[in-house]
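Undergrad:
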Amino acid sequence: MGSLTVTSKGQVTLRKDVLNHLGVKPGGRIIVDKLPDGRIQVRADQPKGHISTVFNALKPARGKSLSLAQIENLATRGWAGKR
Numbered sequence: 002m003g004s005l006t007v008t009s010k011g012q013v014t015l016r017k018d019v020l021n022h023l024g025v026k027p028g029g030r031i032i033v034d035k036l037p038d039g040r041i042q043v044r045a046d047q048p049k050g051h052i053s054t055v056f057n058a059l060k061p062a063r064g065k066s067l068s069l070a071q072i073e074n075l076a077t078r079g080w081a082g083k084r
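Here this note's numbering is used: position 69 in the sequence shown is 70, and no number is missing along the way.
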């Protein structure tokens with residue numbers, strides 16, 4: 002990866018290719034774990050939410066029911082990070 006520069010505030014910036022590798026988008030979170038040997042481990046934070054938030058995501062705006070194929074397409078696009 003190379004090296005990172007530490008600012009006067011003690012901050013570092015990860016390159017875009019590293020963020021893409023982690024799957025982190027703007028507004029996403031990163032977890033940093035301190036390891037006993039002085040190293041750190043960086044990983045993407047997995048979003049947490051309640052399962053009930055999924056139910057209304059598939060609810061059509063006009064009360065029209067979706068077919069199973071439409072639901073499957075929406076779910077596939079959602080897991081791929083597309084809207």
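Yeah, the Cβ is synthetic: ideal placement off N, Cα and C, and Gly gets one too.
Starting from the Cα of I32, find the closest Cα among V43, N74, Q71, T14 and give me that residue.
TA: The residue labelled residue 32 in the question sits at position 31 within the sequence shown. Nearest C-alpha to I32: V43.
Undergrad: Kindly indicate which three-state DSSP category Q12 falls into: helix, strand or coil?
TA: Position 11 of the sequence shown holds residue 12. If DSSP states are grouped into helix, strand and coil, Q12 belongs with coil.
Undergrad: Less than 8 Å separating the beta-carbons of Q25 and A45?
TA: Numbered from its first residue, the sequence shown carries residue 25 at position 24. Numbered from its first residue, the sequence shown carries residue 45 at position 44. The question names Gln, yet the displayed sequence has Val at residue 25. It is a contact, given that the beta carbons lie within the stated cut-off.
Undergrad: Starting from R44, trace the beta strand (DSSP E) both ways and give me its first and last residue.
TA: For this step, residue 44 is matched to residue 43 along the sequence shown. Note, R44: beta strand (DSSP E), 41-45.
Undergrad: Whole angstroms are fine: how far does the CA of R78 sit from the CA of K35?
TA: As a first step, residue 35 is located in the sequence shown; it is residue number 34 there, counting from the start. As a first step, residue 78 is located in the sequence shown; it is residue number 77 there, counting from the start. Going from the Cα of K35 to the Cα of R78 covers about 35 Å.
Undergrad: By the three-class DSSP mapping on this structure, what secondary structure does K35 have?
TA: Here residue 35 is taken as the residue at index 34 of the sequence shown, counted from 1. Three-state result, K35: strand.
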